[in-house]
Amino acid sequence: MPDIVSEIASYLRRLFPICRSITGEGNRETLRILQELVPLKVLEYPSGQKVYDWTIPREWNIRDAWIKNASGEKIVDFQRSNLHVVSYSIPVHARMKKRDLVEHLHFREDLPSAIPYRTTYYKENWGFCLSHDDYMKHFRDDETYEVFIDSELKQGSLSVGELTIKGRTDKEYLISTYICHPSLANDNLTGPVLTAFLARELLREKTNFSYRVVFVPETIGAIAYCANNEEAMKRIGTGFVVSSVGGPGKVGYRQSWQKDSVVNSVIEETFREKGITDYKVYPFDIHGSDERQYSSQGFRINIASINKDRFYDYPYYHTSLDDLDFVSAENVAFCLDLHVAALRSLDRNIVYRNLSPNCEVMLSKHGLYETTGGGQLPVFGTRNRQDLILWLLFHCDGTKSLWEISRLLDMPVGPLFDLAEELAKRNLLVES
Amino acid sequence: MPDIVSEIASYLRRLFPICRSITGEGNRETLRILQELVPLKVLEYPSGQKVYDWTIPREWNIRDAWIKNASGEKIVDFQRSNLHVVSYSIPVHARMKKRDLVEHLHFREDLPSAIPYRTTYYKENWGFCLSHDDYMKHFRDDETYEVFIDSELKQGSLSVGELTIKGRTDKEYLISTYICHPSLANDNLTGPVLTAFLARELLREKTNFSYRVVFVPETIGAIAYCANNEEAMKRIGTGFVVSSVGGPGKVGYRQSWQKDSVVNSVIEETFREKGITDYKVYPFDIHGSDERQYSSQGFRINIASINKDRFYDYPYYHTSLDDLDFVSAENVAFCLDLHVAALRSLDRNIVYRNLSPNCEVMLSKHGLYETTGGGQLPVFGTRNRQDLILWLLFHCDGTKSLWEISRLLDMPVGPLFDLAEELAKRNLLVES
Amino acid sequence: MPDIVSEIASYLRRLFPICRSITGEGNRETLRILQELVPLKVLEYPSGQKVYDWTIPREWNIRDAWIKNASGEKIVDFQRSNLHVVSYSIPVHARMKKRDLVEHLHFREDLPSAIPYRTTYYKENWGFCLSHDDYMKHFRDDETYEVFIDSELKQGSLSVGELTIKGRTDKEYLISTYICHPSLANDNLTGPVLTAFLARELLREKTNFSYRVVFVPETIGAIAYCANNEEAMKRIGTGFVVSSVGGPGKVGYRQSWQKDSVVNSVIEETFREKGITDYKVYPFDIHGSDERQYSSQGFRINIASINKDRFYDYPYYHTSLDDLDFVSAENVAFCLDLHVAALRSLDRNIVYRNLSPNCEVMLSKHGLYETTGGGQLPVFGTRNRQDLILWLLFHCDGTKSLWEISRLLDMPVGPLFDLAEELAKRNLLVES
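Structure representation (structure tokens):
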């Protein structure tokens, strides 16, 4: 699919340089660009709003920031990389010796060429991030430096992108991604880009289920969204957090909190169908992304994630080396394809009820009786179409999804999707 | 048991020639003969009655049928075998060339000496069945044949035999067999014959449970019976379909839909007690006989079947080779014995409740205390009579049947049956 | 702990000679002495009271008993060992030949130096117990003997010691021991002695749960206590029967009736923590001590027992060889330590509920956010303190005890106890 790869590549390039955080104009600009792909609604939750145990912080924006050496030379410059400034740094303009400045400097000796990513959302502070190489090159004990951060913290709002896709039924799946990271490619610019393309695909299809697609700043945004949409969110049972889907490493998936949940099985079957046998499985953990919120007691949504280089798994995580060279649009397209396939399965995983629960139906009356039994080709294993029709009528009692029935029959769910739809069209099954 | 074998042999011989179908005089005559053994009530469900998704068809009767060749010689003759006519054939009297006749002729090249068994219950048609040998011998391309079927389809009724045996409690087990097959011995003349003898045995014993014994034409008869006895049938939890119990092959059993149901365990333990270690186990399948109706969602009865040469398992199935030479009265008597033994176990599988749930009872007060503990012989394994009494009083809480308790104690259920009855007589246990 | 060993030894010595039975002054004296350790309330249930299927028997007391030979020499003397008289013997004073006396004499040929222990609570009778050696030495066929039992059976009462220790919550654990055995050391003088010391320890600690500690005559005393405290007893879920805790053999524990109950796991983990890897496990059995009453249907308490030489396991059981030489105060102190440790675990096994079920709490607001993640030492395995805090907040939903959560996390429960208490102090968790 060369076209979609080019499209993805173009959005990665345009969105990468924007300075995002948990609030601010960078997030709004990001959502505006994604609105080219899907009609996102932008929700603004005001600073100071109480959202469960949390409070929406002041909105942060930044225009410029730098450190100059004694010669007036900019040795650290926000214009070159937005990672140079600790996110949510308060404004500062001062001259100071290295010994006072150093506690505001962040670098990684273990990755000397990388600018690390640091934030100070909930503690008033300021700081600069730089490569260890630059630190060694530019800073001297006796020198005085001028530091300048032209940022602003104000009563504003936190921005969330939301798209609700109406399917045939009101039952919803959740798709969530986070938009708070500045110029970091795999984690997580690839997340919102894939999500927007995924949403465009869902909009094009006529889905059975409804979909709630949200673009939130991580943690506080997910919490704010839950608090402002509590009733709807408490009705959702299953979803995805889209994150880290463009790296060069091995594909894998993070399991949802209930190990035997349908979403975990669907992902494994999707991998199998796509011929992917060598993949990573990450058990549910209390660390992770916004599944921490969505799987909390009040919601208990089974959230899984498909990843290509899951965060933590690659050394460039949360540094400037997680850039557009690290990811590829092909990888994102590959993961998009997996998400689409998994959601297509979930979209067909309907709970049906046999409308004639007492005894068998008369198959011939409904045009379902195969008179030439011997001539029927098997649909799965040794079972032919008529066998599966009878099994569906036997099992569809309004309590088990097709996926669960496929497990009882020890077979892939695919053939059941088609047959159940046909039986529903003939008014033998009804959605429950 | 030579007497019962002779009795069975005699009924097989008398019933074999009768032309049965899903309706008609042949079925009534069959039930009349079986009434010599047990006081069957004959129920008549009228043609046209709606029974769930089905409609009772018109009643079919046939007097004669043949095909004559150009010389007026009867080359196919219903009087020689009722299998020669496709069941539910409409009347016909015509002369036709082989090329027109051939679509009404049924034979099996793979079994050249066998007349196959064919029906056309729900599609107006007619036809003859004959051996491939006869077909090759008698039919020539250029010859004209006279065909004659003297049958009748009329507003009549479908006949069902029913016997309800009242036990001490109203809880019922179901025993069902089918009477729609013409001259076919193993499947299924042996079924109704065994069932009648089984019912006679149950009538002679003083049973704990009640028994509903039904003789129905397969599928439509079971459906009609369910529809006309819905409330009673929905209360039943367990039963047998009696079918194919006289062949020379290996004994086996078809499991009921819930693999861990008591009826399946009872059959396995019955086999064990009878020293039968080499038997077939057929898992529940959506194909089969009337368990398809009884196990449907509306009823969900756990129906098992004990078979000797289960249908499908022998090549003569549904052909004239399944005749009185294929089966034997000894085999039927052998299977009867298994059915009786299994039902005796089920009949004792009572759910009891300890009338003194708080603390232990004072065994000596009830004459149950063994003062000479050392002298007590073990009743099972290392457990003696008093141990088992205490275990029964511990476990009988009104929710678990004796069978389930035997599983908790990892022992055969037999000794518990006797002890529980004794404790009930002493008013320590009561049926729940 | 040398002090407690001396204390235990002193109580064993003082209590050993007292003649206890299921009623009588010996039991009251025993309870009076134990009142030095803990403020036991003594309850008296009157003779003739109906308690479920049983009736409190008359009270039995004995002053003296002997058998004299023809020379007037006391060849059996109650003053030398209270085991010499069958407990509940009616008064007798008679002269008789050996042939008439012998049916009232009890000895054990297999343990020729031991006086066996016998009772006749519910059948009026009398008897003497003596060693087989003495029997062979003193009894001759032609001699006449004088037998004398100065006992009394009167309308009195059955005595029970009870201590209820009030904890922070009303939820109770049960600790029960039996006081009906005369001079028998391991089974069961060690039981009430350990129980009294255990109760003293519980009184000194500020416990979370409440404790109901009872000293009852076996069987009839437990039944009487249940009948007179039915409502309270039916609310209890878990407990211990303390018995046989001073022998030289291997330590072990009797499992409670539900194999996967928390009390069984707690004991196993206690053993593990104490470095005890070689111990016996006795599955729940219908024989045993007062768990027979407490685990009956009406109560279904999960009662376990920690033993050192469990009754039946040593040949001296229920004979005069189970004396103060067989047991040691050190062994009792060792088992006391195990009981204390297991109860400390159970006492902390609280069911908590997260007060902020929707999304995560903001850890930093509650002073729980570790800014220097890297510096945190793991608390268990690879999990650090903050991981466990998050897991507790995830799992504490008001339905699972900490023990059950430790099983879900596949880790020991210890670290969870401390953290949960801390979270409760910070008003993040509340007891459920």
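The listed protein sequences derive, respectively, from chains W, Z and H.
Under the numbering used here, the residue at position 319 of the first sequence is numbered 319, and the numbers go up by one with no gaps.
Count along the second sequence starting at 1, add 1000, and that's the number in the numbering used here.
Count along the third sequence starting at 1, add 2000, and that's the number in the numbering used here.
Even for Gly, the Cβ is constructed at its ideal location relative to N, Cα and C.
Discussion item. Measuring straight from C-alpha to C-alpha, what distance separates Z:Leu-1111 and Z:His-1104?
Written reply: For the purposes of this step, residue 1111 of chain Z is taken as the residue at position 111 of the second sequence. For the purposes of this step, residue 1104 of chain Z is taken as the residue at position 104 of the second sequence. Between Z:Leu-1111 and Z:His-1104, the C-alpha separation is close to 19 Å.
Item to complete: Keeping to the same chain, check which residues put their C-beta closer than 7 Å to that of W:Tyr-369; ignore five residues upstream and five downstream.
Response: Residue numbering aside, residue 369 of chain W sits at position 369 when the first sequence is read from its first letter. Hits under 7 Å: Leu-363.
Worksheet item: Quick one: does W:Pro-357 have its CB under 8 Å from some CB of chain Z?
Response: The residue you call residue 357 of chain W lines up with position 357 of the first sequence. Closer than 8 Å to some Cβ of chain Z, the Cβ of W:Pro-357 qualifies, so yes.
Item to complete: Please compile the residues from chain H whose C-beta is within a distance smaller than 8 Å of the C-beta of Z:Trp-1391.
Response: To locate residue 1391 of chain Z, count along the second sequence from 1; it is residue 391. Neighbours of Z:Trp-1391 on chain H, chain order: Ile-2286.
Discussion item. Can you tell me whether W:Arg-292 is buried or exposed? The criterion is at least 16 other CB atoms within 10 Å of its CB, across all chains shown.
Written reply: One-based indexing of the first sequence puts residue 292 of chain W at position 292. Answer is buried; the Cβ neighbour count reaches 16.
Worksheet item: Since W:Ser-159 is in the alpha helix (DSSP H), which residue starts that stretch and which ends it?
Response: Taking the first residue of the first sequence as position 1, residue 159 of chain W is located at position 159. It is not in any alpha helix (DSSP H) - W:Ser-159 instead sits in the beta strand (DSSP E) that spans 157-165.
Discussion item. Going by DSSP in three states, W:Lys-98 sits in which element: helix, strand or coil?
Written reply: Position 98 of the first sequence, counted from the start, is the residue given in the question as residue 98 of chain W. W:Lys-98: helix per DSSP, three-state reduction.
Worksheet item: Which of the three DSSP states, helix, strand or coil, is assigned to W:Leu-40?
Response: Residue 40 of chain W sits at position 40 when you count from the first residue of the first sequence. Note: W:Leu-40 maps to coil in three-state DSSP.
Worksheet entry | Check whether Z:Pro-1283 and Z:Gln-1255 have beta carbons under 8 Å apart | Taking the first residue of the second sequence as 1, we reach residue 1283 of chain Z at position 283. Taking the first residue of the second sequence as 1, we reach residue 1255 of chain Z at position 255. In this structure, Z:Gln-1255 lies closer than 8 Å to Z:Pro-1283 by Cβ.
Fill in: With 16 other Cβ atoms within 10 Å as the buried cut-off, status of W:His-84
Indexing the first sequence from 1 puts residue 84 of chain W at position 84. Buried.
Worksheet item: Closest to Z:Ser-1010 by CA distance: which of Z:Lys-1365, Z:Ser-1401, Z:Leu-1189, Z:Val-1340 is it?
Response: Translated into positions along the second sequence, residue 1010 of chain Z becomes position 10. Per the Cα distances, Z:Leu-1189.
Discussion item. On the criterion of 16 or more Cβ atoms from any shown chain inside 10 Å, does W:Glu-124 qualify as buried, or is it exposed?
Written reply: The residue you call residue 124 of chain W lines up with position 124 of the first sequence. Counting Cβ neighbours within 10 Å, W:Glu-124 comes out exposed, since fewer than 16 surround it.
Worksheet item: From which residue to which residue does the alpha helix (DSSP H) around Z:Phe-1417 run?
Response: Locating residue 1417 of chain Z in the second sequence gives position 417, counting from the first residue. Per DSSP, Z:Phe-1417 belongs to the alpha helix (DSSP H) from 1414-1425.
Worksheet item: Taking the alpha-carbon positions, what's the Z:Met-1001 to Z:Asn-1331 distance?
Response: To locate residue 1001 of chain Z, count along the second sequence from 1; it is residue 1. To locate residue 1331 of chain Z, count along the second sequence from 1; it is residue 331. At Z:Met-1001 the pLDDT is 48, less than 50, meaning the model places this residue with poor confidence; the figure from the coordinates comes in the next sentence. When the Cα atoms are used, Z:Met-1001 and Z:Asn-1331 turn out to be separated by approximately 12 Å.
Fill in: Sub-8 Å separation of W:Ala-70 and W:Thr-144 beta-carbons
For the purposes of this step, residue 70 of chain W is taken as residue 70 along the first sequence, with counting starting at 1. For the purposes of this step, residue 144 of chain W is taken as residue 144 along the first sequence, with counting starting at 1. Contact: yes.
Worksheet item: What are the partner residues of H:Asp-2077, as DSSP defines its beta bridges?
Response: Position 77 of the third sequence holds residue 2077 of chain H. Answer by DSSP bridge pairing, in chain order: H:Trp-2066.
Worksheet item: Would you report the Cα separation of Z:Ala-1185 and Z:Glu-1205, rounded to the nearest angstrom?
Response: If you number the second sequence from 1, residue 1185 of chain Z lands on position 185. If you number the second sequence from 1, residue 1205 of chain Z lands on position 205. Computed Cα separation, rounded: 29 Å.
Discussion item. So that I know if they touch, is there some Cβ in chain W lying closer than 8 Å to that of H:Gly-2373?
Written reply: Position 373 of the third sequence, counting from 1, holds the residue named residue 2373 of chain H. With a pLDDT of only 42 at H:Gly-2373, under 50, the local geometry of the prediction cannot be trusted, and the value read off the model is given with reservation. Cβ-Cβ to chain W under 8 Å: no for H:Gly-2373.
Fill in: Straight-line gap, W:Thr-382 to Z:Ile-1286 (C-alpha atoms, nearest Å)
The sequence position of residue 382 of chain W within the first sequence is 382, counting from 1. The sequence position of residue 1286 of chain Z within the second sequence is 286, counting from 1. Roughly 13 Å between the two C-alpha positions.
Discussion item. Is there a C-beta anywhere in chain H that falls below 8 Å from the one on Z:Val-1361?
Written reply: Against the second sequence, residue 1361 of chain Z aligns to sequence position 361. Interface residue, yes.
Discussion item. Please list the terminal residues of the continuous beta strand (DSSP E) segment that includes W:Phe-334.
Written reply: In the first sequence, the residue the question calls residue 334 of chain W occupies position 334. It is not in any beta strand (DSSP E) - W:Phe-334 instead sits in the alpha helix (DSSP H) that spans 329-348.
Discussion item. Measuring only the C-alpha atoms, how far is W:Glu-304 from W:Arg-344?
Written reply: Residue numbering aside, residue 304 of chain W sits at position 304 when the first sequence is read from its first letter. Residue numbering aside, residue 344 of chain W sits at position 344 when the first sequence is read from its first letter. This sequence places Ala at residue 304 of chain W; Glu is not what is there. If you take the alpha carbons of W:Ala-304 and W:Arg-344, they lie about 15 Å apart.
Item to complete: Going by CA-CA distance only, name the one from H:Gly-2026, H:Ile-2405, H:Thr-2023 that's closest to H:Ser-2265.
Response: Taking the first residue of the third sequence as position 1, residue 2265 of chain H is located at position 265. Per the Cα distances, H:Ile-2405.
Fill in: Rounded straight-line distance, which links the Cα of W:Gly-24 to that of W:Arg-63
By 1-based counting over the first sequence, the position of residue 63 of chain W is 63. By 1-based counting over the first sequence, the position of residue 24 of chain W is 24. The straight-line gap from Cα to Cα measures roughly 11 Å.
Worksheet item: Where does Z:Ile-1303 fall in DSSP's three states?
Response: On the second sequence, position 303 is the one that residue 1303 of chain Z refers to. Z:Ile-1303: strand per DSSP, three-state reduction.
Worksheet entry | First through last residue of the beta strand (DSSP E) which encompasses Z:Asp-1053 | For the purposes of this step, residue 1053 of chain Z is taken as residue 53 along the second sequence, with counting starting at 1. In this chain, Z:Asp-1053 is not harboured by any beta strand (DSSP E), its DSSP state being neither H nor E.
Worksheet item: Do we get a CB-CB distance below 8 Å when we pair H:Cys-2226 with the residues of chain Z?
Response: Locating residue 2226 of chain H in the third sequence gives position 226, where the first residue counts as 1. Cβ-Cβ to chain Z under 8 Å: yes for H:Cys-2226.
Worksheet item: Taking Cβ to Cβ, would you say Z:Ala-1329 is nearer than 8 Å to Z:Val-1005?
Response: Stepping through the second sequence from its first residue, residue 1329 of chain Z is reached at position 329. Stepping through the second sequence from its first residue, residue 1005 of chain Z is reached at position 5. The answer is yes: Cβ separation under 8 Å.
Practice prompt. Pull out every residue of the segment 1036-1069 of chain Z whose Cβ sits closer than 7 Å to any Cβ of chain W, in chain order.
Written response: Tyr-1052, Asp-1053, Trp-1054
Discussion item. Looking at chain W, is there any beta carbon in it that lies within less than 8 Å of the beta carbon of Z:Arg-1292?
Written reply: For the purposes of this step, residue 1292 of chain Z is identified with residue 292 of the second sequence, where counting begins at 1. Closer than 8 Å: yes.
Worksheet item: Considering only the beta carbon of each residue, do H:Gly-2249 and H:Asp-2187 sit closer than 8 Å?
Response: Counting from 1 along the third sequence, the entry for residue 2249 of chain H is found at position 249. Counting from 1 along the third sequence, the entry for residue 2187 of chain H is found at position 187. In this structure, H:Asp-2187 does not lie closer than 8 Å to H:Gly-2249 by Cβ.
Worksheet entry | Within 8 Å of chain Z by C-beta, residues of the segment 2207-2225 of chain H in sequence order | Thr-2219, Ala-2222, Ile-2223
Practice prompt. Report the option in Z:Leu-1015, Z:Ser-1157, Z:Arg-1108, Z:Arg-1407 whose CA atom is closest to the CA atom of Z:Lys-1050.
Written response: To locate residue 1050 of chain Z, count along the second sequence from 1; it is residue 50. That would be Z:Ser-1157, whose Cα lies nearest to the Cα of Z:Lys-1050.
Item to complete: Check each candidate in W:Thr-55, W:Asn-307, W:Ser-432 and name the one with the smallest Cα separation from W:Leu-336.
Response: Counting from 1 along the first sequence, the entry for residue 336 of chain W is found at position 336. Looking at the Cα atoms, W:Asn-307 is the closest of the given residues.
Discussion item. Looking at chain W, is there any beta carbon in it that lies within less than 8 Å of the beta carbon of H:Ser-2432?
Written reply: Looking up residue 2432 of chain H in the third sequence gives position 432. No, its Cβ sits nowhere closer than 8 Å to a Cβ of chain W.
Worksheet item: In the segment 218-300 of chain W, which residue ranges form an unbroken alpha helix (DSSP H) of at least 4 residues, counting only runs that do not cross its ends?
Response: Qualifying alpha helix (DSSP H) stretches, in chain order: 220-228, 230-235, 262-273, 291-294.
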